[in-house]
Amino acid sequence: MNKAILSAATFAALTAAASAADLPRRAFPPAPIPVPVFTWTGAYFGINAGYITSTKDTARTAGVFPANVGVLTGNRPGVLRLPQDGFTGGSQLGYNYQFTPGSGFVAGAEVDAGYTDLDRRRSVVGQAGGISTFRRAGDFLGTVRGRVGYAFDRVLVYGTGGFAYASERYAGLFQTARGDLNFFGSRARVETGYAVGGGIEYALPTDSFLNVFHTNAVTVKAEALYYDLGQRTLPLMATGRGAGAYVTRFQNEGVLGRVGLNYKFGS
């Protein structure tokens, strides 16, 4: 009897084990796919265009010798404004480093250079009929700046500042009431100074129609810069029937606002 019971139990156990071996194994759930996180780290290059205008643009003139009394008598302008504004456009090259991907602080550097449509000529007639003409023109403006900002994922808000340089031309001439030239001076040089400002930049989604590369690498930006290239003193030397000399001091400060498009490597 006991042998029969033991045999039945053994058979039942073997049957259950065989049935269990035929059951499908439990599959583990698939590993979650990580969501890509945008980072501003990487080198970039791009183009920009905008509007530039002068903020301090006064030409101040004085006689050098006691006989040069044209300013004192009102025949020559002691103070004359030469406001300028126009188009600016160029390109930039830079590098950013983001300390934490997604949102976090970003530091970098940028070099840019662009054409500036700044050219102003102005003539006035003095009390004794003397004709005084001044001109100031700028062909290009460039900067070498650091950038520090904070990224909210694809949006970067930043401040910037650094070295500025520009090509400038100055000229002044005085004529008599009859139109005879009696004082003249001109100079062309590269001026240096500084620029500060700030802006906002946005990384386009891959499905944006502006993102022709269909990657995370295209960004658009808008920024404003204030630049100060100091002052330049221009001597106006006597010619023809003139005697002695005058000096004119030009100011060179302004602001620009522009938009830009960048292609960023390493996204």
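Residue 1409 in the working numbering sits at position 247 of the sequence shown, and the numbers go up by one each step.
Just so you know, even glycine gets a beta-carbon here, dropped at the ideal spot from N, CA and C.
Residues sharing a beta bridge with residue i, DSSP
| i | result |
| --- | --- |
| D1397 | Here residue 1397 is Pro; the residue named in the question, Asp, does not match the sequence. Answer is V1409. |
| R1430 | A query on residue 1430 cannot be resolved here, the shown segment of the chain reaching from 1163 to 1429 and no further. |
| L1387 | G1359, L1418 |
| G1248 | I1214 |
| R1307 | E1272, G1324 |
| A1229 | DSSP lists no partner for A1229. |
CB contact flag (residue i, residue j, <8 Å)
| i | j | result |
| --- | --- | --- |
| G1355 | L1396 | no |
| T1410 | L1391 | no |
| N1424 | T1381 | yes |
| G1291 | R1238 | no |
| A1224 | V1233 | yes |
| G1310 | G1324 | A quick correction: the sequence has Val, not Gly, at residue 1310. Not closer than 8 Å, so no. |
| V1286 | Y1408 | no |
| R1349 | Y1332 | yes |
| F1200 | A1379 | no |
| L1255 | F1302 | no |
Residue range of the unbroken alpha helix (DSSP H) whose run includes residue i
| i | result |
| --- | --- |
| G1232 | 1232-1235 |
Helix, strand or coil at residue i [DSSP, three-state]
| i | result |
| --- | --- |
| T1381 | strand |
| G1428 | coil |
| Q1254 | strand |
| A1290 | coil |
| G1419 | strand |
| R1243 | strand |
| A1269 | strand |
| R1222 | strand |
| T1368 | coil |
| G1264 | coil |
| G1392 | strand |
| F1200 | coil |
Range of the contiguous beta strand (DSSP E) that encloses residue i
| i | result |
| --- | --- |
| F1207 | 1204-1218 |
If we require 3 or more residues per run, which beta strand (DSSP E) segments fall completely within the segment 1316-1353? Those beta strand (DSSP E) runs which fall completely within the segment 1316-1353 and span 3+ residues are 1317-1337.
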